[in-house]
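S.K.: Protein chains in written order, with my numbering: chain B, 1 to 173; chain G, 1001 to 1110; chain H, 2001 to 2550. If you scroll down you'll find the structure; I have some questions about it.
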Amino acid sequence: MHKDYQLVKDGALCQDEWHYSDDETALSDAPTIISLTRLKAEAEVLRARNAKLGVRLLADGNGKTKLGEDVAELAPYLDMLSLVSIDFPTYRNGRGFSAARILREQFNFDGELRASGDVLHDQWAMMRRCGITAFELAPTVSLEVFTKAMDELSEAYQPASDDQRGALWKRHA
Amino acid sequence: MAQHSSKGARFQAVTANRLSDGEVVYLTADNQWAETFPAADIADGAAAGEALLARALPADFELHVLEPYLFEVLQDGAHFKPASVREIIRAAGPTVRLDLGKQADAKQES
Amino acid sequence: MYRYDEFDHQLVGERVTQFRGQVERRVSGELSEDAFKPLRLMNGVYLQLHAYMLRVAIPYGTLSSKQLRMQAHIARKYDRGYGHFTTRQNIQFNWPALDKIPDLLEELATVEMHAIQTSGNCIRNVTADQYAGAIDNEVEDPRIISEIIRQWSTFHPEFTYLPRKFKIAVTGHDNDRAAIKLHDIGIVIKQNELGDIGYEIHVGGGQGRTPFIAKKMADFVPKAQLLAYLEAVMRVYNRLGRRDNSYKARIKIMVHETGEEEMRRLIEAEFAKIDASQMLSVPQAEADRISAYFANPAFAALPATSAAMETAQKQDADFARWVRANIVPHKQDGYAIVNISLKPIGGVPGDATDVQMEAVADLAERYSFDEIRVTHEQNLVLPHVRLDDLKTVYDELQAHELATANLGLISDTIACPGLDYCNLANARSIPLAQEISERFADLDRQYDIGELKIKISGCINACGHHHVGHIGILGVDKKGTEFYQISLGGSADENASIGTITGRAFTEETIVDAIETVVTTYKDMRQDGERFIDTYRRVGLDPFKERLYA
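Next comes the structure, spelled out in structure tokens:
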């Protein structure tokens, strides 16, 4: 269900301690990322499980209009979650940017936010600004390319989930 | 893109735009990309059309041209001409600026 | 006018460097076209029929002389000696080579301009009333808040990959010249009883294949909260707007399908959350800094009338006609707003040559406090010209074929580039605009017809605003041949309306006759002082239909 990837977290390549599980397999004590469907269905059992839990938020494929899963549905479960993996099914689908900011700014989620899926180079820096800290990169992308892309724009015009205030505010700081 | 090859077209040619400057180009009989329509290779029949398009799609062409496609051409005496207004305009240049595009180059040469 | 500071310079400069790298990677083969296309589009580079096209942003339609001269320079050096002003107050170049575009953008950045977000599913260049700061009875100059919106929306990390493109327009005047009700968000600046400035917000207008007039979502958003409100609209749209079908992805469809009430509830719920953080309240000092750039120029104290102008009007009938048609009263005594028509009889609507652009830049420098405006109707404006200088300005314009006295008349047509240039078009637009203006070339006949806005699009995407033309013309394709559909009764002003299609389409040979039939029908039926749109609204479609298909 999940493509091969290399994980870059806080700017460095690292071993991924997490793995994705389908909706049927029994969960081990290893850090596991499950679907929102499973999270909702098994919340009570999962709450008793003494291991790190993550959830994958799908941006696409939810019924005819493909609105995707709503980040608001995570609200009751935030205390159980150490990670949210936000799906970017194509670079065109930017729903996940809003999901990330809502998690950080409105739900005060301080666990790992990671981006998975098909993204463009210049989207990584935008994701970081929206509070995403970990990136599942295609195996063909080098860390050098990633790092360079992150630094292409040094300033921001507007505040978001990171600590850049934006030019309209910074000018009079 | 609005006007492409119509189903049932007998004669077809392949066109694309050049990567470096967007110039309209046509696939020639010796697999080159030419700037003028008369140099285009013409396929007769649907199967020949598909074969012609296949010749335009190898990966190394991606470095030179964008989005090759088939379009209908009509026989006009001994010559061929594009069938749709769109392809007539692509082959010549803007109808409101006869001093620009391929039509202008043709004028200079003659 | 707004001037870049170090932030702006640095960001625009870095963007050029970034794009240069992307172009190099594409040309070397490192990037495929699939990967490169979204990057070039984000920088305003399209592939059209004959070449690439570059769309340069003109924020809220305001240019300095230096900036307009740069457009002339670009037209000469990188293009074929002309540019095309668009209905989004931008300028397009039709022939730049891809590998030269980074150099072009670098030169453009030296005059504080760029092509960022002129394409792609992001917040596009903000447009505004072209008479901003010059017209009487304006609540506030719309460019102040437009500049703040420009900055807030540039490289917005959350809203650069929206379901579809997003267009914002602002007016500070009751007479809407910015077509705000045909935008994704339209903003009208208002003053409440307490004297505070705020914003009336309209959401979900648009044209394209499913036209809608925007719904009023908020009566009065206080000044300090505007960005929070806009961010709320954007977030609701980004989360809940459709992505399954690009024709149903604009916010207008979401407003329509969700319903006005529910949409308002969603926006207000999100607004409450965002506003609570105070994160988006622009500091007063920064708001003041930006306002100061749009302060009145140093107007002289002048009498309300000019003897020089009146004498010239008596001596030169052409000048008098131009004054009557193209001059709009200014808020300051002794000054006028000068409209420069880019619709010469038989010309290409919105096109200007390098020499013409330089001539206008010179005039602006000498007679209009260094300012030029671009209108969504594809004309230019010198916003602050002394009445005493009008004749001199007119003579100069005349020498450059820029003094056609047809503003708002039948030959002042909006037309998209159409099938002469555009990759999406089904039919040509420009030749039709040319034929119509030639058919009605006689200016006295045009004055007799009065205000009549013809708008022509070469496909259903409606870049030529045909839905809101008093007479709208839509080019359609039938098996590779062009046909033209007529709609009547559209309007883009404060009384915005969508036109109604008359019936079956006309051929290229019969369409101009059909337009003449519509005009004759109006003239036969009009009552005293009625404009075309007034008569149409009184009598409806049927009389026109009868004559058209008789």
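Just so it is clear, CB atoms sit at the ideal spot from N, CA and C, and this is done for glycine as well.
For chain C, check one thing: does any of its Cβ atoms lie closer than 7 Å to the Cβ of residue 2011/H?
M.R.: The chain inventory of the structure shown lacks chain C, comprising the protein chains B, G and H.
S.K.: Going along chain G in order, which residues have a C-beta closer than 7 Å to the C-beta of residue 2348/H?
M.R.: Counting from 1 along the third sequence, the entry for residue 2348/H is found at position 348. 1096, listed in chain order.
S.K.: When we look at the beta-carbon of residue 2535/H and count the other beta-carbons within 10 Å, is it buried (16 or more) or exposed?
M.R.: On the third sequence, residue 2535/H is found 535 positions in, with the first residue counted as 1. The residue in question, residue 2535/H, is buried, as its Cβ has 16 or more Cβ neighbours within 10 Å.
S.K.: Taking Cβ-Cβ distances below 8 Å as the criterion, which residues of the stretch 2265-2290 of chain H are in contact with chain B?
M.R.: Per Cβ criterion, the list reads 2273, 2277, 2279, 2280, 2282, 2283, 2285, 2286 and 2289.
S.K.: For residue 1001/G and residue 1050/G, what's the separation of their Cα atoms in angstroms?
M.R.: Indexing the second sequence from 1 puts residue 1001/G at position 1. Indexing the second sequence from 1 puts residue 1050/G at position 50. Low confidence applies here, because residue 1001/G scores a pLDDT of 42, under 50, leaving its location unreliable; read the following figure in that light. The straight-line gap from Cα to Cα measures roughly 19 Å.
S.K.: Whole angstroms are fine: how far does the CA of residue 2245/H sit from the CA of residue 2455/H?
M.R.: Along the third sequence, read from residue 1 onward, the residue named residue 2455/H stands at position 455. Along the third sequence, read from residue 1 onward, the residue named residue 2245/H stands at position 245. About 27 Å.
S.K.: What would DSSP say about residue 2273/H, mapped onto helix, strand or coil?
M.R.: Mapped onto the third sequence, residue 2273/H falls at position 273. Correct three-state label for residue 2273/H: helix.
S.K.: Inspect the beta-carbon positions of residue 2170/H and residue 2185/H and report whether they are closer than 7 Å.
M.R.: Within the third sequence, numbered from 1, the residue matching residue 2170/H stands at position 170. Within the third sequence, numbered from 1, the residue matching residue 2185/H stands at position 185. No, they are not a contact pair.
S.K.: What residue from 100/B, 118/B and 117/B has the CA that sits closest to residue 110/B's CA?
M.R.: Your numbering for residue 110/B matches position 110 in the first sequence. The option with the nearest alpha carbon to residue 110/B is 100/B.
S.K.: Compare the C-alpha of residue 2516/H against each of 2446/H, 2480/H and 2476/H and name the closest.
M.R.: Counting from 1 along the third sequence, the entry for residue 2516/H is found at position 516. Selected option, being the one with the closest Cα: 2446/H.
S.K.: Since residue 97/B and residue 114/B are thought to touch, with beta carbons under 8 Å apart, how far apart are those beta carbons, to the nearest angstrom?
M.R.: As a working mapping, residue 97/B is identified with position 97 in the first sequence. As a working mapping, residue 114/B is identified with position 114 in the first sequence. Actually they do not touch by this definition, with Cβ atoms about 14 Å apart.
S.K.: Hey, would you say residue 149/B sits closer than 7 Å to residue 121/B, going by beta carbons?
M.R.: As a first step, residue 149/B is located in the first sequence; it is residue number 149 there, counting from the start. As a first step, residue 121/B is located in the first sequence; it is residue number 121 there, counting from the start. It is a contact, given that the beta carbons lie within the stated cut-off.
S.K.: Which chain G residues sit within Cβ distance under 9 Å of residue 2378/H?
M.R.: Counting from one through the third sequence, the residue named residue 2378/H turns up at place 378. Per Cβ cutoff of 9 Å: no residues; residue 2378/H is ~15 Å from chain G at best.
S.K.: Taking Cβ positions only, does residue 1092/G come closer than 7 Å to chain H?
M.R.: To locate residue 1092/G, count along the second sequence from 1; it is residue 92. So, not an interface residue.
S.K.: Are residue 2474/H and residue 2457/H touching if we call contact CB-CB under 7 Å?
M.R.: For the purposes of this step, residue 2474/H is identified with residue 474 of the third sequence, where counting begins at 1. For the purposes of this step, residue 2457/H is identified with residue 457 of the third sequence, where counting begins at 1. For residue 2474/H and residue 2457/H, yes; Cβs fall inside 7 Å.
S.K.: Between residue 2208/H and the rest of its own chain, which residues show a CB-CB distance below 6 Å, the 5 nearest in sequence each way excluded?
M.R.: Working through the third sequence from its first residue, we reach residue 2208/H at position 208. Answer for residue 2208/H: 2461 and 2462, listed in chain order.
S.K.: Report back the beta-carbon spacing between residue 2378/H and residue 2340/H to the nearest angstrom; my notes put them in contact at under 8 Å.
M.R.: As a first step, residue 2378/H must be located in the third sequence, where it is residue number 378. As a first step, residue 2340/H must be located in the third sequence, where it is residue number 340. Going by Cβ atoms, the distance from residue 2378/H to residue 2340/H rounds to 11 Å, so no, they are not a contact pair.
S.K.: Please say whether residue 2060/H and residue 2012/H have beta carbons closer to each other than 7 Å?
M.R.: Position 12 of the third sequence, counted from the first residue, corresponds to residue 2012/H. Position 60 of the third sequence, counted from the first residue, corresponds to residue 2060/H. The answer is no: Cβ separation not under 7 Å.
S.K.: Should residue 1098/G be labelled buried (16 or more other beta-carbon atoms within 10 Å of its own) or exposed?
M.R.: Walking along the second sequence from the start, residue 1098/G turns up at place 98. Exposed: under 16 other Cβ atoms inside 10 Å.
S.K.: I want to see whether chain B comes within less than 7 Å of residue 2225/H, judged by CB atoms only; does it?
M.R.: Position 225 of the third sequence, counted from the start, is the residue given in the question as residue 2225/H. So no, residue 2225/H is outside the interface.
S.K.: Say whether chain H places a C-beta atom closer than 7 Å to the C-beta of residue 108/B.
M.R.: Position 108 of the first sequence, counting from 1, holds the residue named residue 108/B. No - not a single Cβ of chain H is within 7 Å of the one on residue 108/B.
S.K.: Are there 16 or more other CB atoms within 10 angstroms of the CB of residue 2137/H, so buried, or fewer, so exposed?
M.R.: Here residue 2137/H corresponds to residue number 137 of the third sequence, with the count starting at 1. The residue in question, residue 2137/H, is exposed, as its Cβ has fewer than 16 Cβ neighbours within 10 Å.
S.K.: Among 2381/H, 2441/H, 2349/H and 2319/H, which has the Cα closest to the Cα of residue 2392/H?
M.R.: The residue labelled residue 2392/H in the question sits at position 392 within the third sequence. The residue with the shortest Cα to Cα distance from residue 2392/H is 2319/H.
S.K.: Strictly under 7 Å for the Cβ-Cβ distance: is residue 2451/H near chain B by that measure?
M.R.: Locating residue 2451/H in the third sequence gives position 451, counting from the first residue. Chain B contact via Cβ: absent.
S.K.: Within its chain, find whatever has a CB closer than 7 Å to the CB of residue 2176/H; leave out the 5 residues flanking it on each side and keep chain order.
M.R.: Taking the first residue of the third sequence as 1, we reach residue 2176/H at position 176. Around residue 2176/H: 2493 and 2494.
S.K.: So for residue 169/B, helix, strand or coil by DSSP?
M.R.: Residue 169/B sits at position 169 when you count from the first residue of the first sequence. Three-state DSSP puts residue 169/B in a helix.
S.K.: Determine, for residue 1044/G, whether the minimum Cβ-Cβ distance to residues of chain H falls below 7 Å.
M.R.: Position 44 of the second sequence, counting from 1, holds the residue named residue 1044/G. Taking Cβ atoms only, chain H never reaches closer than 7 Å to residue 1044/G, which makes this a no.
S.K.: Could you work out which residue in 2384/H, 2206/H and 2219/H is closest to residue 2199/H when comparing CA atoms only?
M.R.: Translated into the one-based positions of the third sequence, residue 2199/H becomes position 199. Closest by alpha carbon: 2219/H.
S.K.: Suppose you measure from the CA of residue 78/B to the CA of residue 2221/H; what does that come to, to the nearest Å?
M.R.: The residue you call residue 78/B lines up with position 78 of the first sequence. The residue you call residue 2221/H lines up with position 221 of the third sequence. Using only the alpha carbons, I get a separation of about 33 Å.
S.K.: Let me confirm a value: residue 1101/G is counted as buried when at least 16 other C-beta atoms fall within 10 Å, else exposed. Which label applies?
M.R.: Counted from its first residue, the second sequence places residue 1101/G at position 101. Residue 1101/G comes out buried.
S.K.: So residue 2400/H and residue 2356/H are supposed to be a Cβ contact under 8 Å. How far apart are they, rounded?
M.R.: Numbered from 1 along the third sequence, position 400 holds the residue referred to as residue 2400/H. Numbered from 1 along the third sequence, position 356 holds the residue referred to as residue 2356/H. Contact flag correct, Cβ pair sits at about 5 Å.
S.K.: Shorter than 7 Å from the beta carbon of residue 2161/H to some beta carbon of chain B?
M.R.: Taking the first residue of the third sequence as position 1, residue 2161/H is located at position 161. Chain B contact via Cβ: present.
S.K.: My output table needs one value for residue 2384/H: the three-state DSSP class, helix, strand or coil.
M.R.: On the third sequence, residue 2384/H is found 384 positions in, with the first residue counted as 1. Looking at residue 2384/H - three-state DSSP - the assignment turns out to be strand.
S.K.: Out of curiosity, what's the CA-to-CA distance linking residue 1/B and residue 2121/H?
M.R.: Looking up residue 1/B in the first sequence gives position 1. Looking up residue 2121/H in the third sequence gives position 121. Below a pLDDT of 50, predicted positions are generally treated as unreliable, and residue 1/B, at 46, falls in that range; the measurement from the model is reported next regardless. Those two C-alpha atoms are separated by around 29 Å.
S.K.: Hey, quick one: how far does the beta strand (DSSP E) through residue 2221/H stretch, first residue to last?
M.R.: Your numbering for residue 2221/H matches position 221 in the third sequence. Its beta strand (DSSP E) spans residues 2215-2222.
S.K.: Taking the C-alpha atoms as reference points, what is the distance between residue 2010/H and residue 2109/H?
M.R.: Position 10 of the third sequence, counted from the start, is the residue given in the question as residue 2010/H. Position 109 of the third sequence, counted from the start, is the residue given in the question as residue 2109/H. Whole-angstrom Cα-Cα distance: 10 Å.
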